[in-house]
DNA sequence: CGGGTGACTTTAC
DNA sequence: CGTAAAGCCACCC
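What follows is the structure, given as structure tokens:
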């Protein structure tokens, strides 16, 4: 039966999927003050370099968790794509500006503040 | 298993 | 500048 197969595939290994979250959390938590990084860089550090989407998805679980600087994670263009998931759409930019992040229009100055996570 | 969705990225027009 | 499409992986139903 195919259904039996599905169980094995969907389940994978309970520990494995948590590892994905742990990596994202760890990296984001390591972003230094006044720096930012991109979904792509994090995805690459985790090993899912082709799926920056998963980083944002994992970050969704951080909503309400003030101990994680999710406002320092932006997209490849420096735009605050995740701002709409914050309590207020302006909060993300305000937090970054408060840390000394330089903005160019609606995007941050990647060249100046981009921080690349260590690839473990 | 299969279809839908998403805080992304890249290429193409 | 803009929109479209494909690729990507994990979650949910």
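In this note's numbering, the protein residues as written are 7 to 126. Every residue, glycine too, gets a C-beta built ideally from N, C-alpha and C. Note that this is a predicted model, so its numbers are computed, not measured.
| query | result |
| --- | --- |
| Would you check if there are 3 or more beta carbon pairs closer than 8 Å linking the segment 62-78 to the segment 40-54? | yes |
| Looking only at DSSP bridge pairs, what is residue 109 linked to? | 114 |
| So, does the segment 44-55 touch the segment 81-88, judging by three or more C-beta pairs under 8 Å? | yes |
| Could you have a look at residue 120 and say whether DSSP puts it in helix, strand or coil? | strand |
| Spatial neighbours of residue 68 within its chain, please: CB distance less than 8 Å, with the 5 preceding and 5 following residues excluded, ordered by chain position. | 31, 34, 74, 76 |
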